[in-house]
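Engineer: If you're matching them up, the sequences are chains A and B in order.
Numbering follows UniProt numbering, in which position 85 of the first sequence is assigned residue number 85; successive positions increment by one, without gaps.
Numbering follows UniProt numbering, in which position 112 of the second sequence is assigned residue number 112; successive positions increment by one, without gaps.
Number of protein chains: 2
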Amino acid sequence: MDELDGRLLALLRDEPRVGVLEASRRLGVARGTVQARLDRLVARGVVTGWGPELDPAALGYPVTAFLSLEIQQAPSGASTAGGHDAVAAHLATIPEVLEAHTTTGGGDLVARVVARSNTDLQRVIDAVLASDAVVRCSTTIALATQVAYRTLPLALAAAGRAEGSSAGR
Amino acid sequence: MDELDGRLLALLRDEPRVGVLEASRRLGVARGTVQARLDRLVARGVVTGWGPELDPAALGYPVTAFLSLEIQQAPSGASTAGGHDAVAAHLATIPEVLEAHTTTGGGDLVARVVARSNTDLQRVIDAVLASDAVVRCSTTIALATQVAYRTLPLALAAAGRAEGSSAGR
DNA sequence: CCTCCGACTGGTCAACCTGTCCAGCACCCC
DNA sequence: GGGGTGCTGGACAGGTTGACCAGTCGGAGG
Numbered sequence: 001m002d003e004l005d006g007r008l009l010a011l012l013r014d015e016p017r018v019g020v021l022e023a024s025r026r027l028g029v030a031r032g033t034v035q036a037r038l039d040r041l042v043a044r045g046v047v048t049g050w051g052p053e054l055d056p057a058a059l060g061y062p063v064t065a066f067l068s069l070e071i072q073q074a075p076s077g078a079s080t081a082g083g084h085d086a087v088a089a090h091l092a093t094i095p096e097v098l099e100a101h102t103t104t105g106g107g108d109l110v111a112r113v114v115a116r117s118n119t120d121l122q123r124v125i126d127a128v129l130a131s132d133a134v135v136r137c138s139t140t141i142a143l144a145t146q147v148a149y150r151t152l153p154l155a156l157a158a159a160g161r162a163e164g165s166s167a168g169r
Numbered sequence: 001m002d003e004l005d006g007r008l009l010a011l012l013r014d015e016p017r018v019g020v021l022e023a024s025r026r027l028g029v030a031r032g033t034v035q036a037r038l039d040r041l042v043a044r045g046v047v048t049g050w051g052p053e054l055d056p057a058a059l060g061y062p063v064t065a066f067l068s069l070e071i072q073q074a075p076s077g078a079s080t081a082g083g084h085d086a087v088a089a090h091l092a093t094i095p096e097v098l099e100a101h102t103t104t105g106g107g108d109l110v111a112r113v114v115a116r117s118n119t120d121l122q123r124v125i126d127a128v129l130a131s132d133a134v135v136r137c138s139t140t141i142a143l144a145t146q147v148a149y150r151t152l153p154l155a156l157a158a159a160g161r162a163e164g165s166s167a168g169r
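1. Enumerated in chain order, which unbroken segments of the beta strand (DSSP E) with a length of 3 residues or greater are wholly contained in the region 45-118 of chain B?
2. Across which residues does DSSP place residue 141 of chain A in a beta bridge pair?
3. Can you tell me which of the three DSSP states residue 25 of chain A falls into?
4. Assess contact between the region 145-154 of chain A and the region 86-105 of chain B, defined as three or more Cβ pairs (one per stretch) separated by less than 8 Å. Is contact present?
5. Let me know the secondary structure DSSP gives residue 147 of chain A once reduced to three states.
6. I need the DSSP call for residue 218 of chain B, collapsed to helix, strand or coil.
7. Taking the beta carbon of residue 138 of chain A as the centre, do at least 16 other beta carbons fall within 10 Å, making it buried, or is it exposed?
8. Of all the CB atoms in chain B, is at least one closer than 9 Å to the CB of residue 21 of chain A?
9. Leaving out the 5 sequence neighbours to the left and right, which residues in its chain are closer than 6 Å to residue 15 of chain A when beta-carbon positions are compared?
10. Closer than 9 Å, Cβ to Cβ, to anything on chain A: give me those residues from the region 113-130 of chain B, in chain order.
11. Measure from the C-beta of residue 28 of chain B to each C-beta in chain A and report whether the shortest distance is under 9 Å.
12. Closest by CA to residue 27 of chain B, which one among B:12, B:72 and B:123?
13. Can you tell me whether DSSP reads residue 17 of chain A as helix, strand or coil?
14. Please work out which residues of its chain come closer than 7 Å, Cβ to Cβ, to residue 7 of chain B, disregarding the five sequence neighbours upstream and downstream, and give them in chain order.
15. How about residue 135 of chain B and residue 70 of chain B: are their beta carbons less than 9 Å apart?
16. Residues of chain A with a CB under 9 Å from the CB of residue 53 of chain B: which are they?
17. Can you find the residues in the same chain that come closer than 8 Å, C-beta to C-beta, to residue 121 of chain B, ignoring five residues on each side of it along the sequence?
18. Of all the CB atoms in chain A, is at least one closer than 9 Å to the CB of residue 4 of chain B?
19. Looking at residue 68 of chain B and residue 107 of chain B, is the spacing between their C-beta atoms short of 9 Å?
20. Counting C-beta neighbours from all protein chains within 10 Å, is the total for residue 155 of chain B 16 or more, i.e. buried, or is it exposed?
21. Using a Cβ-Cβ distance under 9 Å, would residue 33 of chain A count as near chain B?
22. Which chain B residues sit within Cβ distance under 9 Å of residue 99 of chain A?
23. Please list the partners that residue 110 of chain A has in chain B, where partner means a Cβ-to-Cβ separation under 9 Å.
24. Given a threshold of 16 other Cβ atoms within 10 Å of its Cβ, counted over all protein chains shown, does residue 103 of chain B qualify as buried or as exposed?
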């Protein structure tokens, strides 16, 4: 992860359509170099995908909310999986659940959900609560996005001063 | 956003490297159709980008946390921007802040941050608190990812039963 | 009923890019 | 010095892109 990698990622983020050849021209290096760098970034797991990024709002889901869930710690049925796994599996079946993480703090699990409207949000929450393992759910609606999801500044920071830390070689 | 769009997006997510021609073969439609569909999805804002997705963990930032910030509602300096804007601008300068949203509920703003370690997280939090407009900050560390960020199920759901709602041709 | 219009098909074309291979060279470390 | 690694600049065949075309289909509207 050096400065060239940073420039390469920045270029690709700004203009994803540029091919390897064009990128090499922009960066002023040989095509093989760009190819090797890209392969390495993918191999190291820094680049996880090239898929199209979808905008939930454009899909008709303009409302974003964070749900803080409390999970049944000792399943009353006390069957197999802890509450976490059961809830995770349940959440995975709901399309409106975009991501979910177990967390420290008051709630046991944070889920990011979207909905077609505030009214529709109720439906989504009900879907989440459909699992017995979910004890409680507190909702925080995202009103406006102040900083849109981004990773490039982080990559540049890592490129700038991580020459040898986690950057294996 | 019909069923073909859904299949196209699913294909692109699974194998982003396939070109338009290959996609048309897989989907069993003409190349021009795939091209037109893609153009339309981009034009409608459903597809917002094709950039490489970066993994903060692979960049050396394996710790993820959600910060709930309380913002100075009535700026003591009472100068120009409300606390929100000032804080948003401040957060935008911190590479470790991946995203931030104003919210309802207890906190005024939720920020997703990453750090190199739990110790390093303190440094990041301090950076966030460097703004005078931030009154309080409560930290929730994400322990494990139960559902990784995804939008495809949502797109498929929208494709399935949104034929005419927000898909105003 | 007929016509218009948008969408899809299936085909062509030249230009370009990709993946892969090569030799040469500079650099670093053992 | 030797070996390994990374970058350069070049070459090649093959596949892909973007543009264009005529023809067909179905629905909306006159």
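Where a beta carbon is used, it is the ideal one built from N, C-alpha and C, also for glycine.
In this text, all values refer to a predicted model and were calculated from it rather than measured experimentally.
Structural biologist: Put simply:
1. Unbroken beta strand (DSSP E) stretches of 3 residues or longer found wholly inside the region 45-118 of chain B: 47-49, 63-71, 97-103 and 109-115, given in chain order.
2. Residue 141 of chain A sits at position 141 when you count from the first residue of the first sequence. Looking at the DSSP assignment, residue 141 of chain A forms a beta bridge with A:65.
3. Indexing the first sequence from 1 puts residue 25 of chain A at position 25. Here residue 25 of chain A sits in helix by DSSP.
4. Yes: at least three Cβ pairs fall under 8 Å.
5. Working through the first sequence from its first residue, we reach residue 147 of chain A at position 147. Residue state, collapsed to three classes: strand.
6. Summary: the structure shown does not reach residue 218 of chain B, with chain B confined to residues 1 through 169, and so no result is reported for it.
7. Numbered from 1 along the first sequence, position 138 holds the residue referred to as residue 138 of chain A. Exposed: under 16 other Cβ atoms inside 10 Å.
8. The sequence position of residue 21 of chain A within the first sequence is 21, counting from 1. Cβ-Cβ to chain B under 9 Å: no for residue 21 of chain A.
9. Along the first sequence, read from residue 1 onward, the residue named residue 15 of chain A stands at position 15. Here the set comprises nothing.
10. For the region 113-130 of chain B, the beta-carbon criterion of a distance under 9 Å to any beta-carbon of chain A is satisfied by 114 and 116.
11. Translated into the one-based positions of the second sequence, residue 28 of chain B becomes position 28. With 9 Å as the cut-off, residue 28 of chain B does not count as an interface residue toward chain A.
12. Looking up residue 27 of chain B in the second sequence gives position 27. For residue 27 of chain B, the nearest C-alpha among the options comes from B:12.
13. Within the first sequence, residue 17 of chain A is the residue found at index 17, counting from 1. It is coil, neither helix nor strand.
14. Mapped onto the second sequence, residue 7 of chain B falls at position 7. Around residue 7 of chain B: 27.
15. By one-based count along the second sequence, residue 135 of chain B stands at place 135. By one-based count along the second sequence, residue 70 of chain B stands at place 70. Taking 9 Å as the Cβ cut-off, residue 135 of chain B and residue 70 of chain B qualify as a contacting pair.
16. Within the second sequence, the letter at position 53 stands for residue 53 of chain B. Neighbours of residue 53 of chain B on chain A, chain order: 47, 48, 49, 50, 51, 53 and 151.
17. As a working mapping, residue 121 of chain B is identified with position 121 in the second sequence. For residue 121 of chain B, where only same-chain residues beyond five positions count, the Cβ hits under 8 Å are 63, 65, 113, 115, 139 and 141.
18. Numbered from its first residue, the second sequence carries residue 4 of chain B at position 4. It does not; no Cβ of chain A falls within 9 Å.
19. For the purposes of this step, residue 107 of chain B is taken as the residue at position 107 of the second sequence. For the purposes of this step, residue 68 of chain B is taken as the residue at position 68 of the second sequence. Yes, the Cβ-Cβ distance between residue 107 of chain B and residue 68 of chain B is below 9 Å.
20. The residue labelled residue 155 of chain B in the question sits at position 155 within the second sequence. Only buried fits residue 155 of chain B, as 16 or more other CB atoms lie within 10 angstroms of its CB.
21. Within the first sequence, the letter at position 33 stands for residue 33 of chain A. No - not a single Cβ of chain B is within 9 Å of the one on residue 33 of chain A.
22. Counted from its first residue, the first sequence places residue 99 of chain A at position 99. In chain order: 145, 146, 147, 148, 149 and 150.
23. For the purposes of this step, residue 110 of chain A is identified with residue 110 of the first sequence, where counting begins at 1. Residues of chain B passing the Cβ test: 66, 140 and 142.
24. One-based indexing of the second sequence puts residue 103 of chain B at position 103. When all chains shown are included, residue 103 of chain B counts as buried.
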